[in-house]
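Residue numbers are given in numbering that gives the first Met the number 0: position 377 of the sequence shown equals residue 376, and the series is strictly consecutive.
We treat Cβ as the ideally placed atom computed from N, Cα and C, and that holds for glycine.
Here's the structure, in structure tokens; my notes come after.
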Amino acid sequence: MSEDKDMNLHAEGDSCQQQETISIDDKEINGIKKEKNEKNDVNEKIVENGDGDKPKENGEKSIQEPPKEMRAVVLNGFGGFKIKALKKPEPTLSENEVLIKIKACGLSFQDLLTKQGTLDNPPKPPFIMGFECAGEIAEVGEGVTNFKVGDRVVALPDHKAWAEYVSVPAVSVYSLPAGMNYDEAVAITLNYTVGYILLFELANLRPGKSILLHSAGGGVGQAVVQLAKTVEDVTIFGVCNKNKHEILKSSGNIDHLLERGVDYSGAVRKESPEGVDIVLDCLYGEEYRRGYALLKPMGRYILYGLSNSSENKSLSAARFWWQVDKVPPMKLYDENKSIGGLNLRHLMYQHGNNEFVRRIVEQVFKLWEEKKIKPVIDSVWALEDAVEAMQKMYDHKNIGKIIFDLNLEPKPKPATPVKSKLKDKKNLNQEEKKSSIDVENSENQKESELTNGTSEDKSDSGSKGKESS
Numbered sequence: 000m001s002e003d004k005d006m007n008l009h010a011e012g013d014s015c016q017q018q019e020t021i022s023i024d025d026k027e028i029n030g031i032k033k034e035k036n037e038k039n040d041v042n043e044k045i046v047e048n049g050d051g052d053k054p055k056e057n058g059e060k061s062i063q064e065p066p067k068e069m070r071a072v073v074l075n076g077f078g079g080f081k082i083k084a085l086k087k088p089e090p091t092l093s094e095n096e097v098l099i100k101i102k103a104c105g106l107s108f109q110d111l112l113t114k115q116g117t118l119d120n121p122p123k124p125p126f127i128m129g130f131e132c133a134g135e136i137a138e139v140g141e142g143v144t145n146f147k148v149g150d151r152v153v154a155l156p157d158h159k160a161w162a163e164y165v166s167v168p169a170v171s172v173y174s175l176p177a178g179m180n181y182d183e184a185v186a187i188t189l190n191y192t193v194g195y196i197l198l199f200e201l202a203n204l205r206p207g208k209s210i211l212l213h214s215a216g217g218g219v220g221q222a223v224v225q226l227a228k229t230v231e232d233v234t235i236f237g238v239c240n241k242n243k244h245e246i247l248k249s250s251g252n253i254d255h256l257l258e259r260g261v262d263y264s265g266a267v268r269k270e271s272p273e274g275v276d277i278v279l280d281c282l283y284g285e286e287y288r289r290g291y292a293l294l295k296p297m298g299r300y301i302l303y304g305l306s307n308s309s310e311n312k313s314l315s316a317a318r319f320w321w322q323v324d325k326v327p328p329m330k331l332y333d334e335n336k337s338i339g340g341l342n343l344r345h346l347m348y349q350h351g352n353n354e355f356v357r358r359i360v361e362q363v364f365k366l367w368e369e370k371k372i373k374p375v376i377d378s379v380w381a382l383e384d385a386v387e388a389m390q391k392m393y394d395h396k397n398i399g400k401i402i403f404d405l406n407l408e409p410k411p412k413p414a415t416p417v418k419s420k421l422k423d424k425k426n427l428n429q430e431e432k433k434s435s436i437d438v439e440n441s442e443n444q445k446e447s448e449l450t451n452g453t454s455e456d457k458s459d460s461g462s463k464g465k466e467s468s
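Structure (structure tokens):
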């Protein structure tokens with residue numbers, strides 16, 4: 000009996016130990032599952048955040064900050080002025096890029112072509128506009144060794160320049176020389192780089208040569224005039240709108256001013272019967288025919304813009320191109336003439352000739368330091384006034400560079416006639432409503448007075464009747 004009891008006790012003890020072991024194992028398993036679930040929850044949150052935010056070491060969960068915003072000029076659609084200053088997220092840096100805090104940016108005819116939709120391969124709207132800007136480097140991306148935070152620079156990005164910040168490949172960024180301010184940097188870099196390549200790399204300008212220059216009063220036109228005058232005995236025929244002639248005459252740099260929109264061939268032949276050595280054309284269309292016909296033997300025609308295509312709204316760029324006469328190579332061979340072209344944007348962003356462009360920019364800055372060139376600035380605008388500034392360039396009313404200063408306050412916008420009419424109509428309706436309410440109240444008051452008077456008369460007559468009875 001005692002042995003049976005001992006056996007039973009041992010059996011009960013073993014079973015208790017097994018139950019305890021099982022319960023401990025269950026707790027451990029449950030703990031592992033709980034820990035795993037917590038980890039999964041954290042991982043899910045990391046995926047949702049998108050940035051792979053990890054929980055902090057002390058167990059607190061990191062809170063993702065919303066992206067910082069900046070002012071920017073955005074094109075919402077091609078054709079017309081579908082442009083607006085909006086708040087956009089600040090750009091992020093990629094490898095071999097720098098982030099620039101912009102102080103000033105420039106307007107060029109490329110921006111008008113972009114607005115119109117005639118520039119080749121533009122981004123899909125909406126996108127931030129602008130091809131040139133100057134400011135300070137705010138951040139340096141991985142792989143960039145030639146710039147540091149705080150450097151004063153000018154940049155030629157492929158769009159995105161009309162904003163408070165822009166991320167740009169370091170190969171398209173250039174250090175400013177000492178003493179050059181941001182407005183000067185924007186007025187010089189793009190325009191004078193184009194002008195320098197046209198004159199000295201493509202046209203091979205030398206003393207005694209003559210130039211027919213279109214849009215002589217614009218930013219690139221004024222750059223070409225100043226650069227050409229660094230060479231002795233160069234004659235310049237400048238074509239521009241009649242309203243610019245008086246101001247351009249006062250500078251004395253253009254030898255012969257010609258009116259745009261008329262056949263000036265006779266005026267050129269009168270001064271130079273053989274024609275000219277170099278034609279610099281940013282218009283194309285009909286001006287191409289005139290320009291080529293005016294070339295001397297060994298002369299060079301160079302196209303560097305398509306301004307006329309932006310003004311011809313009924314034609315696409317391709318149709319516009321096909322309607323212009325083509326010159327076959329055999330004709331060039333027979334007449335001893337040559338044709339060339341320059342598209343700086345393609346040179347940098349499609350052909351990758353960034354080191355060539357950097358060398359030209361450095362040459363231009365050297366000429367500025369030697370005081371041989373001085374940028375001509377037409378006007379300075381707030382970023383929010385981009386539409387008005389573009390309209391001025393579109394109407395060919397600028398002489399020199401148009402600049403946006405990000406520290407300027409926008410001009411107060413006058414009330415449009417439609418809005419003012421609606422406002423006056425609204426005020427008139429309110430006044431009419433108020434007067435009708437006043438009339439109604441006065442009528443109600445009169446009625447109440449009459450009613451009160453009648454009731455008083457009735458009560459008086461009633462009391463008199465009682466007294467008499």
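{"query": "Three-state secondary structure assigned by DSSP to Pro168", "result": "strand"}
{"query": "Proximal residues to Val148 (C-beta, below 7 Å), its chain only, five neighbours per side dropped", "result": "Ile136, Ala137, Glu138, Val139"}
{"query": "Trp367, enclosing alpha helix (DSSP H) - first and last residue", "result": "353–368"}
{"query": "Cut-off 8 Å between Cβ atoms - residues of its own chain near Glu387, not counting five sequence neighbours on either side", "result": "Trp380, Lys410"}
{"query": "Distance between beta carbons of Asp377 and Ile338, contact taken as under 8 Å", "result": "31 Å between Cβ atoms; not a contact."}
{"query": "8 Å Cβ shell around Pro176 - same chain, five flanking residues per side excluded", "result": "Phe364, Trp367, Glu368"}
{"query": "First through last residue of the alpha helix (DSSP H) which encompasses Glu285", "result": "285–292"}
{"query": "The beta strand (DSSP E) enclosing Pro88, as first and last residue numbers", "result": "82–88"}
{"query": "Beta-carbon proximity of Val278 to Arg259, cut-off 8 Å", "result": "no"}
{"query": "One or two residues paired with Ala71 in a DSSP bridge", "result": "Leu85, Ala162"}
{"query": "6 Å Cβ shell around Leu118 - same chain, five flanking residues per side excluded", "result": "Leu112"}
{"query": "Per-residue burial, Val46 [other beta carbons within 10 Å of its own, 16 or more giving buried]", "result": "With a pLDDT of only 37 at Val46, under the threshold of 50, the placement of this residue in the model should not be trusted; the figure read from the coordinates follows. With fewer than 16 Cβ atoms within 10 Å of its Cβ, Val46 is classed as exposed."}
{"query": "Sequence-distant residues of the same chain with beta carbon closer than 8 Å to Val193, five excluded per side", "result": "Val219, Ala222, Tyr303, Leu341, Leu343"}
{"query": "Contact under 8 Å by Cβ, Ala84 with Ala133", "result": "no"}
{"query": "Per-residue DSSP class, three states only, for Ala388", "result": "helix"}
{"query": "Contact the stretch 148–162 vs the stretch 87–101: 3+ CB pairs below 8 Å", "result": "yes"}
{"query": "Proximal residues to Val326 (C-beta, below 7 Å), its chain only, five neighbours per side dropped", "result": "Tyr291, Ile338"}
{"query": "Three-state secondary structure (DSSP) of Tyr263", "result": "coil"}
{"query": "As assigned by DSSP and simplified to three states, the class of Ile372", "result": "coil"}
{"query": "Selected residue, minimal CA-CA separation from Gln349, among Pro156, Glu183, Ala160, Gly399", "result": "Pro156"}
{"query": "Identified DSSP bridge partners for Ile127", "result": "Val73"}
{"query": "Cβ neighbours of Ser271 in the same chain (closer than 7 Å, five flanking residues each side left out)", "result": "Ser209"}
{"query": "Pro296, DSSP secondary structure in three states", "result": "strand"}
{"query": "Per-residue DSSP class, three states only, for Phe146", "result": "coil"}
{"query": "Outcome for Val374 when other beta-carbon atoms lying within 10 angstroms are tallied against a minimum of 16", "result": "Just to set this straight, residue 374 is Pro in the shown sequence, not Val. So Pro374 ends up on the buried side."}
{"query": "For His213, three-class secondary structure by DSSP", "result": "strand"}
{"query": "Ser306, DSSP secondary structure in three states", "result": "helix"}
{"query": "The stretch 195–212 contacting the stretch 164–173, beta-carbon criterion three pairs below 8 Å", "result": "no"}
{"query": "Endpoints, beta strand (DSSP E) assigned at Leu279", "result": "275–280"}
{"query": "Outcome for Lys330 when other beta-carbon atoms lying within 10 angstroms are tallied against a minimum of 16", "result": "exposed"}
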